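Mapping the sequence shown onto our numbering, position 158 (from 1) lands on 138, and the numbers just tick up by one. Note that beta-carbon positions come from the ideal geometry of N, C-alpha and C, so glycine has one too. Just so you know, these numbers come straight off a predicted model, no measurement behind them.
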Amino acid sequence: GATVQLKRRGREFVGLSPFSKEKTPSFTINDEKGFYHCFSSGEHGNIFDFLVKVEKLNFGDAVRKLAAKAGMPAFKFTKENIEVENKRKKYDEILTIALQYYQKNFSENDSVKKYALGRGLTQEILSTFKVGYSGEYGLNVSLFSNFNQKELIESGVFFHDEKNNKLIDRFKNRLIFPIFDYNNKVIGFGGRALSQNYLAKYINSPETEFFKKGFNLYNLNNAKNENKQSGIVFVVEGYMDAIGLYQAGFRNVVATLGTAMTESHLNLIWRYFNDPVVCFDGDRSGQNAAHKISEKLIAFMKPNYSLSFLILPNGFDPDSFVRKNGRNNFESLLTQKIDIGNFIFVNNLQDLKSEQPEERAGFEKKIMDLCVLIQDSTVKKHYISFFKNKIFEQFSNRKAKNLKPLNKTKELTRKITRYS
-19 GATVQLKRRG REFVGLSPFS KEKTPSFTIN DEKGFYHCFS SGEHGNIFDF LVKVEKLNFG
41 DAVRKLAAKA GMPAFKFTKE NIEVENKRKK YDEILTIALQ YYQKNFSEND SVKKYALGRG
101 LTQEILSTFK VGYSGEYGLN VSLFSNFNQK ELIESGVFFH DEKNNKLIDR FKNRLIFPIF
161 DYNNKVIGFG GRALSQNYLA KYINSPETEF FKKGFNLYNL NNAKNENKQS GIVFVVEGYM
221 DAIGLYQAGF RNVVATLGTA MTESHLNLIW RYFNDPVVCF DGDRSGQNAA HKISEKLIAF
281 MKPNYSLSFL ILPNGFDPDS FVRKNGRNNF ESLLTQKIDI GNFIFVNNLQ DLKSEQPEER
341 AGFEKKIMDL CVLIQDSTVK KHYISFFKNK IFEQFSNRKA KNLKPLNKTK ELTRKITRYS
């Protein structure tokens, strides 16, 4: 390469890191997936990210430089392109100022620090996740004198109080959990209420032009550096679940941002891990959410990539389970994770009211209708075969196989009730 001397090693290219001084190559490029990863610094991204970071270019200049190297006609940014780029720059600046204020305010407020430590969070964890505090009245608009009211509202940090005709910090009197993209750039905030007077205990930044919840994951900026041989990453629902598992030593954990898991989430996770494990709350709503996710995401399964589900005992979320039962017991639950195919089969089998032919037909039709939605033809073929075999074993060969309905679910329930 023009910046890093590379050598082929299997499917990847390796070289000395451009981000840190080293003697042993730790910088890798995966040409098939289109990204680089630096094990010594944790930097990760695509070719545009590389130029922005290494050569200190903005995104527009990175596009122009690559176009020139490829012998393409000079890319001309339209007026709209330039406006969006400038808008993005201001958005980044507003959120950076807010983050700096929240962190400073947290470090100077002993009672809030005591509250956070009392919740079981260590000082190291508070620093890692850059936890902040908005203050009783929130951000002072005077900090943002370089921005107009429209820009501040569109950032999602402020909303307009029409009655009093002033801007209000959306996150006032809340513990702040900054949300970073995979490149460690702040893109939004989550806030936990510190007063009983708030209807919503947790709130997130609203969707903006530059912050899409369905395309981002909490803690991915840290978790992406934890891709070990297992390829596993836990997918949880909330900030505290992610932080709780991280603090217990499971650093390969990400959280959805108050929204259902999407195809974009799955593809983003698969850039770093090939075996995500959905681990939602053990109550009925958590299980229902996991069931819906499985039936939605099976359509996007790919060769050599998986998706599994881990059912917690009723009454536990990942954070409360690991706090009460410890790291080892949580790790032991991992042996009971269920792949997406079996998870869908067992969940739909539970809904079967009887074993009359028409009930069986309805069950089979629903399963096969899900297979039709699978986009990859090879994966679709194998899932059709997989489910046909499962259905045959369940209904046609039970006596020979000594199978019972829901046997797997009952066995799983017996295993996990000892933690309840």
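- Where Asn305 is concerned, there is no enclosing beta strand (DSSP E), although the alpha helix (DSSP H) around it starts and stops at Pro298 to Leu313.
- C-alpha of Pro283 to C-alpha of Gly211: approximately 15 Å in a straight line.
- Bounds of the alpha helix (DSSP H) holding Val34 are Ile27 to Val34.
- Straight across, the Cα-Cα distance linking Ala47 with Asn26 is about 15 Å.
- If only complete runs of 3 or more residues are kept, the stretch 149 to 219 shows the beta strand (DSSP E) at 154 to 160, 166 to 173, 182 to 184 and 212 to 216, in order along the chain.
- The secondary-structure analysis by DSSP pairs Gly(-5) across a beta bridge with Phe7.
- Beta-bridge analysis with DSSP links Ser288 to Val257 and Asp319.
- Taking C-beta atoms as the reference points, Lys317 and Ser274 fail to come closer than 8 Å.
- For Lys(-13), the enclosing beta strand (DSSP E) has its first and last residue at Lys(-13) to Arg(-11).
- Judged by DSSP in its simplified three-state form, Asp263 adopts coil rather than helix or strand.
- Rounded to whole angstroms, the gap between the alpha carbons of Asp356 and Asp349 is 15 Å.
- DSSP, reduced to helix, strand and coil, places Asp356 outside both helices and strands of the structure shown, so it counts as coil.
- Boundaries of the beta strand (DSSP E) around Ala235: Val233 to Ala235.
- Rounded to whole angstroms, the separation of the alpha carbons of Asp319 and Leu313 is 14 Å.
- Take the alpha-carbon of Asp29 and the one of Leu(-4): they are about 18 Å apart.
- Distances from the CA of Val137 to each of Ile159, Asn144 and Lys143 were compared; the closest alpha carbon is that of Ile159.
- The stretch 191 to 208 makes contact with the stretch 142 to 162, as at least three CB pairs between them are under 8 Å.
- Looking at the DSSP output, Cys18 bridges to Phe7.
- Annotation for Phe139: the continuous beta strand (DSSP E) segment containing it runs Phe138 to Asp141.
- Under DSSP, His24 forms a beta bridge with His17.
- Between the stretch 119 to 132 and the stretch 145 to 158 there are three or more C-beta pairs closer than 8 Å, enough to call the two in contact.
- For Gln336, there is no enclosing alpha helix (DSSP H), as DSSP marks it with neither H nor E.
- Here the stretch 212 to 220 lies against the stretch 256 to 274, with 3 or more beta-carbon pairs under 8 Å apart.
- The count of Cβ pairs closer than 8 Å, one atom from the stretch 71 to 86 and one from the stretch 106 to 116, reaches three, so the stretches are in contact.
- Per the C-alpha coordinates, the member of Thr188, Asn177, Pro(-2) and Pro298 positioned closest to Phe214 is Pro298.
- Secondary structure at Gly112: strand, using DSSP grouped into helix, strand and coil.
- In the DSSP assignment, Leu147 forms a beta bridge with His140.
- With a beta-carbon spacing of about 6 Å, Ile156 and Phe169 fall inside the 8 Å limit used to define contacts.
- Between the alpha carbons of Arg303 and Asn145 lies a gap of roughly 45 Å.
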